[in-house]
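Everything below concerns the one structure shown next.
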Amino acid sequence: SDVVLKSSFYAFFMIIMQLPANILIDKIGIRKSVILANIFNAIYFLIIMFSRNLQDLIIAEFFSALCFSIKDVSDTTLLNISIPDTDRKGDIFSKIEGKGNQNYYYINAISSVLAGFLYTVNPYIPMILGTIISVFAIILSLGFQEIESNADTDREKFSTKEYMGDLVKLFKFIVKSNRIRSLILYSGIMWGVFCLISTYRTSLLEEVGISATWIAIVAAIVGIASGIGSKYQLKFHKIFNN
Numbered sequence: 032s033d034v035v036l037k038s039s040f041y042a043f044f045m046i047i048m049q050l051p052a053n054i055l056i057d058k059i060g061i062r063k064s065v066i067l068a069n070i071f072n073a074i075y076f077l078i079i080m081f082s083r084n085l086q087d088l089i090i091a092e093f094f095s096a097l098c099f100s101i102k103d104v105s106d107t108t109l110l111n112i113s114i115p116d117t118d119r120k121g122d123i124f125s126k127i128e129g130k131g132n133q134n135y136y137y138i139n140a141i142s143s144v145l146a147g148f149l150y151t152v153n154p155y156i157p158m159i160l161g162t163i164i165s166v167f168a169i170i171l172s173l174g175f176q177e178i179e180s181n182a183d184t185d186r187e188k189f190s191t192k193e194y195m196g197d198l199v200k201l202f203k204f205i206v207k208s209n210r211i212r213s214l215i216l217y218s219g220i221m222w223g224v225f226c227l228i229s230t231y232r233t234s235l236l237e238e239v240g241i242s243a244t245w246i247a248i249v250a251a252i253v254g255i256a257s258g259i260g261s262k263y264q265l266k267f268h269k270i271f272n273n
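The opening residue of the sequence shown carries number 32 in the numbering used here; numbering runs sequentially from there.
Here it is, written out as structure tokens:
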């Protein structure tokens, strides 16, 4: 029940952090946002390792939600503005993002199996390795260069008051748009279902006495399936559109 409650707090923090995260990205820029998000991820690992109660885990979930609220926007934006403006920019972006997601799921599958085996040796080993990878991600992000887009140049001309005014207009537009409301509702429900399945999958497997190694193998199989789906997403898109 504590694990499920912890995940619920993560979902709650993700909701309330969306607006502050976007304002922060606008203020400090994409590059610094990517670096900051990776730092928050490292802090998340450290708090998990040294946690002693549910309150510590909730604080850890706050940093995790803060991290991914920023990364979900900054990483995608960094990729988008790094692609030259061409007629095929959308296709190039989709292919690069799809390839990245595919590799992520495959690496996630491999790391899940390794984490399962290492967990049986010492539960702290996977967490230490995760922290090391987070620090490595911070070092990599320090090598990124800030790329200004036309939108960034235009945004510098506006004051904070004007920015908030535009934001209010945007929310009003979202409220009036049936299509956008439906997309947001659909995304929220699907994201919630996936998170719930992921949380309960591990809990239920532990309840029936499945070892950490086999739980990791199940997670790896899910990761491989996700990688395959990500690889062929454009083909599926073309099939259904035709």
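Glycine included, every Cβ here is placed at the ideal spot set by N, Cα and C.
Since we're looking at a predicted model, the values are computed, not measured.
In this structure Gly147 touches Ala247 by the C-beta definition: roughly 2 Å separates them, less than 8 Å.
Our two residues, Ser257 and Gln133, have alpha carbons roughly 7 Å apart in a direct line.
In this chain, Val239 is not harboured by any alpha helix (DSSP H), its DSSP state being neither H nor E.
CA-to-CA, the gap between Gly174 and Asp106 works out to about 14 Å. Taking a cut-off of 8 Å for Cβ pairs, the stretch 55 to 70 and the stretch 162 to 177 touch, as three or more such pairs fall below it. Here DSSP, grouped into helix, strand and coil, assigns Ser95 to helix. In the same chain as Tyr231, and ignoring 5 residues on each side of it, the C-beta atoms closer than 8 Å to its own belong to Val35, in chain order. According to the DSSP assignment, Arg62 belongs to the alpha helix (DSSP H) that extends over Ile61 to Phe81. Sequence-distant Cβ neighbours of Glu92 in its own chain, meaning closer than 7 Å and more than five residues away, are Lys37, Phe40, Tyr41 and Phe44. Around Ile255, the same chain offers Tyr136, Tyr137 and Ala140 as residues with beta carbons nearer than 8 Å, after the five sequence neighbours per side are excluded. Under the DSSP assignment, Gln176 falls outside any alpha helix (DSSP H); it carries neither an H nor an E label.
Per DSSP, Thr117 lies in no alpha helix (DSSP H) segment and is marked neither H nor E. Between the alpha carbons of Ala251 and Val199 lies a distance of about 43 Å. Considering only Ile66, Met48 and Arg83, the residue with the shortest C-alpha distance to Leu97 is Met48.
Taking a cut-off of 8 Å on C-beta distances, the stretch 109 to 126 does not touch the stretch 226 to 246, as fewer than three cross pairs fall below it. Met158 is positioned such that its CB atom lies closer than 8 Å to that of Ile79. Between the C-alpha atoms of Ile56 and Gly260 there is a straight-line separation of about 31 Å.
In the structure shown, Pro51 adopts helical secondary structure according to DSSP, grouped into three states.
Between Glu238 and Ile61, the C-beta spacing is not below 8 Å. DSSP, reduced to helix, strand and coil, places Pro154 outside both helices and strands of the structure shown, so it counts as coil. Within the same chain, and ignoring the five residues on either side of Ile46 in sequence, no residue has its Cβ closer than 7 Å to its Cβ.
Annotation for Ser165: Asn69, Asn72, Ala73 and Phe76 place their beta carbon closer than 7 Å to its own, counting only its chain and skipping 5 residues before and after.
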